[in-house]
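Asker:
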Amino acid sequence: MNRDQNLKAVRGRTDPWDVVVIGGGATGAGCALDAASRGFSVLLLEQHDFGKGTSSRSTKLIHGGVRYLRQGNISLVREALRERGLLLKNAPHAVTKQAFVVPCYGRFEKAFYGLGMKIYDRLSGSLSIGDSRLLTREETLEHLPTLKFEGLRGGVLYHDGQFDDARFLIDLLCTADLLGAVVLNYCKAASLINNRDRRVNGLEFVDAETGERIAVNSRSVINATGVFSDSVRQMSDPQAKPLLTFSQGIHIVLDRRFLPVGDALMIPKTSDGRVLFCIPWHGRLLVGTTDTLIDAADLEPAALASEIDFVLDTAGNYLAGKPTRADILSVFAGMRPLLRSNVRTRTSSLSRGHDLFVDRSGLITITGGKWTTYRRMAEDAVDKAIQVGGLKKIESGTGFLPIQPPEKPNHDIKLHPNFPYTREDVINAVRNEMARTVEDVLARRTRVLFLDAKAAIESARTVAEIIAAELRRDDGWKNEQVRDFEQVAKSYQLDQPANNANRRE
Ligand SMILES: Cc1cc2nc3c(=O)[nH]c(=O)nc-3n(C[C@H](O)[C@H](O)[C@H](O)COP(=O)(O)OP(=O)(O)OC[C@H]3O[C@@H](n4cnc5c(N)ncnc54)[C@H](O)[C@@H]3O)c2cc1C
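Residue numbering for the sequence shown follows this note's numbering, starting at 353 and increasing by one per position.
1) Provide the residue span of the beta strand (DSSP E) that contains Asp866, from first to last.
2) Tell me whether Arg565, by its Cβ, gets closer than 6 Å to a heavy atom of ligand 1.
3) Quick one: measure Cβ to Cβ for Ile481 and Lys449, integer angstroms, because I've assumed they're closer than 8 Å.
4) Around the Cβ of Gln600, are there at least 16 other Cβ atoms within 10 angstroms (buried) or fewer (exposed)?
5) Is there contact here, the segment 404-412 with the segment 640-660, by at least three beta-carbon pairs under 8 Å?
6) Could you give the DSSP three-state label for Asn569: helix, strand or coil?
7) Val454 to Asp827, Cα distance in whole Å?
8) Just to confirm, does Thr492 get its C-beta within under 6 Å of one of the non-hydrogen atoms of ligand 1?
9) Only counting the same chain, and skipping five residues up and downstream in sequence, which positions put a Cβ closer than 6 Å to that of Met469?
10) Alpha carbons only, please: which of Gln586, Asp559, Phe520 and His495 is nearest the one belonging to Leu617?
11) What is the rounded straight-line gap between the Cα of Gly437 and the Cα of Asp517?
12) Is the number of C-beta pairs between the segment 355-374 and the segment 681-696 that are closer than 8 Å three or more?
13) For a minimum of 3 consecutive residues, which ranges assigned as the beta strand (DSSP E) are wholly contained in the segment 486-572?
14) When you measure from the CB of Glu659 to every non-hydrogen atom of ligand 1, does any distance come out below 6 Å?
15) Nearest to Gln839 by alpha carbon, out of Val793, Ala805, Arg797 and Val800?
16) Where does the unbroken beta strand (DSSP E) through Gln600 begin, and where does it stop?
17) For Gln450, name the three-state secondary structure that DSSP assigns.
18) Within the same chain, show all residues whose beta-carbon is closer than 6 Å to that of Ala795, passing over the 5 residues directly before and after it, in chain order.
19) Would you please state the rounded distance, in angstroms, between the beta carbons of Ala384 and Ala533? I believe it to be under 8 Å.
20) Taking the beta carbon of Gln357 as the centre, do at least 16 other beta carbons fall within 10 Å, making it buried, or is it exposed?
21) Check each candidate in Val627, Pro689, His634 and Met687 and name the one with the smallest Cα separation from Ala667.
22) Identify whether Ser700 lies in helix, strand or coil by the three-state DSSP scheme.
23) For Leu544, does the count of other Cβ atoms within 10 angstroms reach 16, so buried, or fall short, so exposed?
24) Quick one, which of Leu525, Leu637, Ile819 and Ala388 has its alpha-carbon nearest Asp607's?
25) Just tell me which of Asp367, Arg813 and Thr498 has its CA closest to the CA of Leu611.
26) On the three-pair Cβ rule with 8 Å, is the segment 590-600 touching the segment 387-394?
27) Which whole runs of the alpha helix (DSSP H) in the segment 354-398 are 4 residues long or more, in chain order?
28) Where does Gly614 land, buried or exposed, given buried means 16+ other C-beta within 10 angstroms?
29) Per DSSP, which residues does Val683 bridge with? Please list them.
30) Of the residues Leu846, Arg409, Thr798 and Ala807, which one's Cα is nearest the Cα of Ile602?
31) Distance, Cα to Cα, Pro368 vs Arg571?
32) Since Gly640 is in the beta strand (DSSP E), which residue starts that stretch and which ends it?
33) Kindly indicate the opening and closing residues of the beta strand (DSSP E) around Asp707.
34) In the DSSP assignment, find the unbroken alpha helix (DSSP H) run with Gly468 in it and report its ends.
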């Protein structure tokens, strides 16, 4: 992917695009890939970096959702399990099988969760990735040796998929790019263009690097901006009633010593009725998540002190070594769009956990869902674009479309002693993956910021030097990049008392 070439392609185009997608998260990337693979001309615009929003802040699971099973939402679980199976086939380099253990302390828990996981197995049908089974107390402790053993009666073992969200997003975009999609980061859709009939037929976007404003025509526009969907809808119709409210979920990252095995721990019922995961990820332990109502959409949401305490306390109830704030290597928050309670019955046209709306202007908005179901969401959105934009009827083939693995550069000098990432990875990220800033490299092309905020800050200067050499930037740019990155990274760190005090509550 080459940003300069893509900008040139956009400037040089006089024909309308078949599809313009706003938003470079899982949903938008899925739409771009689906549309390009059907042979449509497609442009994708992301206001910041690809994956800056929720799509880099997930629990990293490709799953049916055990929680939805408990809620009795069978059709959603079945659909997500099907998507899980397709992803394991189409992207085996990125999505891997992960074993989970549900520890059982109560008298009937083992039978209850054992039966639940059997239903989960059955719902995956021919795309099953391994049978669940009951574990004795001793077997449970073999799988999770650092589990609290007082009162433990046994456990249930089951399997789900795991991935690196922001990295997989780049794979999706690279695959879309290979199929002819034009994708641009740091390009914000600033206004929609309506024709005389008040139908949206294009938009203007701003290149954040130069301030240039560029207008494009399009037969259809898909709004895949997650928690920002309402603001884009209101560009075409300022009177459009908001569809969304927001909740956020946080994760903390700990050293692997708290669970030094390959298996993950699934805590089936927290005090707020959710599930909590402790999952091995890139040599660390990822623990989360929460569900906290939030007033406004935010591109860099901050974890609340109460959420951090909740995650620490809940994990501490199950792990023999109780983690404390001092053990947190990184903390990050992500936001979910939730449909307002009066909206679902009024306008929602789909009930598969995601929602598709077409405004009076013809603007298509796709929101909700899960990372796991991005492909299905994209298929629905592009089907709608065909209808709204009068495009040729071509079926989606993404169910059987392999996703390109990234090119692995030769590894040379490490960026930081605690991480495998190298200088070559940075160069590759700039040359082939459209990384433009220190944050792009340390947060999303590599995951250092999410894994260890202190190590990320320590790597910032080196990364700035490498990017500057690639993009021909001066010393002033390097200094500004390091400063900006340190500012962002502060909210991922807990070991500075000042930051704790600043954390929103
Ligand atoms: C805490 C948490 C954990 C989760 N864990 C899982 C999980 O383990 N598995 C799973 O399957 N799902 C999970 N999910 C759900 C999943 O992460 C989301 O469904 C998915 O990432 C949403 O992707 P999206 O593209 O719709 O939104 P986003 O990723 O938020 O992307 C929207 C993009 O639009 C951009 N944008 C906004 N306005 C404009 C504009 N004007 N111009 C251009 N671009 C714009 C934003 O910058 C943003 O990058 C989780 C969600 C949360 C909150």
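Every residue gets a Cβ at the ideal spot worked out from N, C-alpha and C, and that includes glycine.
Answerer: Short version:
1) Since the first residue shown for the chain is 353 and the last is 857, residue 866 is missing from the structure and cannot be characterised.
2) no
3) 5 Å
4) buried
5) yes
6) strand
7) 52 Å
8) no
9) Ser484, Val508 and Tyr510
10) His495
11) 17 Å
12) no
13) 506-514, 534-536, 539-546 and 552-559
14) no
15) Ala805
16) Leu596 to Asp607
17) strand
18) Leu801
19) 4 Å
20) exposed
21) Val627
22) Only weak support exists for where Ser700 lies, its pLDDT of 38 falling under 50; the coordinates are left without a value.
23) buried
24) Leu637
25) Thr498
26) no
27) 355-363 and 378-389
28) exposed
29) Ile604
30) Arg409
31) 6 Å
32) Arg636 to Gly640
33) His706 to Val710
34) Glu461 to Leu475
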